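A short worksheet on the structure shown next.
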Amino acid sequence: MPSVRRKRVNIGLVLPFLVIALAFGGMLWRKYQTSYKIPTAPQTRQQSGTRTVVLFFVADGTRLVREARELESCNDTGACIKSTLAALLSGPLGDYDEALPENTGLNSVRIEGGTAVVDLSREFAADLPSGSSAEMLAVYSIVDTVCANYPQISRVKLTVEGNGSTVLNHLDLSAPLAPDYSLEQASGQAPAAAPSTPKKGK
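In full-length UniProt numbering, the protein residues as written are 1 to 202.
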């Protein structure tokens, strides 16, 4: 009988330790699972798609030509025009020449009815090559780019550092200008169809 009592005593001593060990082990296991669980990333909605725009550059130093460019889609007309002109200022991807002075900056774009008011940095006027042809190509590269891509804009008003009465050596910029597609490369060629409005993602 003494041996039986020793077994009962041993079980009675070991059992509480087993319970504690199991409980502690369970806590460690849950902590391990939690630490290695990959958190679910929040779902963010990203705008997708691109729009095609046409940019007007210079060919042979005498005429405007169109170059297509893919830009990110956008919905606000003013912001879309600004990003389009930023692409114009970045220069051509093909074998064309820039119409605008290299250091020209774009200060702002705002919409007033059917007119886009584009404010440029002082380098636009200060660094333009001399000659009426260079001025015409520079000015209408902007005007034609805006109006060809945004049919709701019929005229473009160019200002320099906020000055709405800027006069170049040969051109008066005090009034809004309508596009002039006769300056394009192929004489007598009909202008290409304008892309869809930015609200449709084109």
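Backbone N, C-alpha and C define an ideal beta-carbon position, used for all residues, glycine too. Treat the numbers as computed from the prediction; the structure is a model and nothing was measured.
Query	Result
Which residues does DSSP list as the beta-bridge partners of lysine 82?	Per DSSP, none; premise fails for lysine 82.
Closer than 8 Å by C-beta to isoleucine 153: which residues in its own chain qualify, once you throw out the five before and the five after it? Chain order, please.	Thr77, Ile81, Ile111, Gly114, Thr115, Ala116, Val146 and Cys147
Smallest Cα separation from histidine 170: which of Asn163, Leu106, Tyr181 and Val139?	Val139
Going straight from the alpha carbon of threonine 62 to that of leucine 85, what length do you get?	21 Å
Have a look at valine 167 and serine 174 and give me their C-alpha separation to the nearest angstrom.	7 Å
Could you tell me which whole beta strand (DSSP E) segments of length 3 or greater appear in the UniProt domain "GerMN" (81–169)?	106–112, 115–120 and 155–160
Could you name the residues of the same chain whose beta carbon sits closer than 7 Å to that of proline 122, not counting the 5 residues immediately before and after it, in chain order?	Before going further, note that residue 122 is arginine rather than proline in the sequence given. Counting only Cβ-Cβ distances below 7 Å, and skipping sequence neighbours, we find Val160 and Glu161.
Return the bridge partner residues of leucine 64 from the DSSP annotation.	Val58 and Glu184
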